[in-house]
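Asks: Throughout the sequence shown, residue numbering follows the working numbering, covering 6 to 286 in sequence.
Ideal Cβ placement from N, Cα and C applies to all residues, glycine included.
Computed from a predicted structure; not experimentally measured.
The structure is given below, and queries will be raised subsequently.
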Amino acid sequence: MGSQGLPLSGMGAYVTGGGSGIGMACARAFLRDGASVTIVGRSPEKLDAAVESLSGDVAEGAHLGWRSVDVVDEDAVRSSVGAAAEPEGGLHLAVAAAGVGTLAPVIATPLSEWRKVLDTNLTGAFLTLKHAGAAIARSGGGAMCAISSIAGLRTHRHGGAYAVSKAGLDMLVRTTADELGQAGVRVSSVCPGLVDTEISAGLFATDAVLDDYLEQMPVRRTGVVDDVAAAVRYLCGPESGWVTGVSLSVDGGQHLRRGPDWTPIARALYGDDVVEGRHTP
C-alpha cells in the first residue's frame, strides 16, 4: 500500500542490529507504518536475508536498505547514518539494537570478554546515539530508542558484564534525552525481560533457569520480539510526542520482583569452586 497517510510516512529510520531478532522486528514495525528504513549489522549475509524477509512490508514510495557496519567503528557509523538519511532527505528515527550477551561470574570474566560486551552494548550505542542524534536534530527532530534490558535494573547473578553495559546504557539514554530535547530529539530505552532470540537461546534451553524466570513474572510467559518492537514503535512515533528519557520495562512484570539466577548454567560452565568464589580461573 502507499505510504501517504501512514503515521511514519516521509520519515527515515536507522536500525542497528537490524539483521535479526529485536532489531529486525523494529525495522518491520517502522516499515509497516510508512518509514524508509536502513538496517545495519556486521553480517552481509544476514542483512541480505533480512531485507528479503522485510521486503513485503515496505510501503509504496518508501525505501529499505542495508549497510554492513561494526557499531564500534565510528567512521562506519557516521557514514551509514548519512546514507540512511538520503532516501527521505533526512533522518528522523533511530534504534540502537546491536548487542552481545555473556554469562560468567565476575571473578571468571576475562578482560577481553568484558571489553567486548561493554564496547558493543555501550560504546556501540553511544556512537549510534551520537551520530544519529545529530542527524535527527539537523532534520528538525524525531526520536531514538535503545534496546536495554531488565539486567540493567535488577541483578542477574553471573551476568555482570552484560548487566553493567545495560545499566550504563540507560543512563546514556537519560543524559542524551536531557541534552537533545531542546533540538526536538526524544530519546528513550526499552528494557526487555526474557525474549526468544538468538542471544537468549541458552537460557531457554536450561529448564531450571527458564522456570526461575517464569516464577518472577506476574504475566507468566516469555516474550517475543514483537512485544519489544511495539514498545519501540510507540516510543519513536508521534503518539509519544511528550515522552522522553524513560526506560520502559517490557518483561511481563519481572521488574516488580527480582532478576533471574543463572547459577545452573554458570556451574556447568565454570564448576563449583569458581561459582562459589573459592577459585579464580
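Buried or exposed: which applies to Ser-48, given that a residue is buried once 16 or more other Cβ atoms fall within 10 Å of its Cβ?
Replies: Looking at its Cβ environment, which holds fewer than 16 other Cβ atoms inside 10 Å, Ser-48 is exposed.
Asks: Within this structure, are the beta carbons of Ala-148 and Arg-83 separated by less than 8 Å?
Replies: Not in contact: Ala-148 and Arg-83 (Cβ atoms no closer than 8 Å).
Asks: Who are the Cβ neighbours of Ser-154 in its own chain at under 7 Å, not counting the five residues just before and after it?
Replies: Closer than 7 Å at Cβ, skipping near neighbours: Lys-171, Cys-196, Pro-197.
Asks: With a threshold of 8 Å, are at least 3 pairs of Cβ atoms found where one atom belongs to the stretch 106 to 125 and the other to the stretch 216 to 229?
Replies: Three or more beta-carbon pairs separated by less than 8 Å are not found between the stretch 106 to 125 and the stretch 216 to 229, which leaves the two stretches without contact.
Asks: Give the single residue among Asp-183, Ile-152, Leu-261, Leu-96 whose Cα lies nearest to the Cα of Ser-144.
Replies: Leu-96
Asks: So who's on the other strand from Val-192, going by DSSP bridges?
Replies: DSSP output for Val-192 lists Met-149 as bridge partner(s).
Asks: Whole-angstrom Cβ separation of Phe-35 and Leu-11, contact assumed at under 8 Å?
Replies: Incorrect: roughly 10 Å between the Cβ atoms, too far for contact.
Asks: Using the C-alpha atoms, what's the distance from Arg-283 back to Thr-133?
Replies: Just so you know, the alpha carbons of Thr-133 and Arg-283 end up roughly 40 Å apart.
Asks: With a 10 Å radius around its C-beta and 16 neighbouring C-beta atoms as the bar for buried, classify Thr-285 as buried or exposed.
Replies: exposed
Asks: What first and last residue would you give for the beta strand (DSSP E) that runs through Ile-44?
Replies: 41 to 46
Asks: Given that a residue counts as buried once 16 or more other Cβ atoms are within 10 Å of its Cβ, and exposed if not, what is Leu-261?
Replies: Note on Leu-261: under 16 other CB atoms within 10 angstroms of its CB, so exposed under the neighbour-count rule.
Asks: So, using beta-carbon positions, are Ala-236 and Val-224 closer together than 8 Å?
Replies: no
Asks: Exposed or buried, what is Ala-90 when buried is set at 16 or more other beta-carbons lying within 10 Å of its beta-carbon?
Replies: buried
Asks: Alpha carbon to alpha carbon, how far is Ala-101 from Ser-193? Give it in angstroms, no decimals.
Replies: 11 Å
Asks: With a CB to CB cut of under 7 Å and the five nearest residues on each side skipped, what residues in its chain are close to Thr-268?
Replies: Arg-162, His-163, Val-280
Asks: Looking at C-alpha atoms only, which residue of Thr-114, Gly-39, Tyr-19 is the closest neighbour of Ala-271?
Replies: Thr-114
Asks: Put Met-6 into one of helix, strand or coil per three-state DSSP.
Replies: In this prediction, Met-6 scores a pLDDT of 47, lower than 50, which makes its location untrustworthy; no coordinate-derived value is stated.
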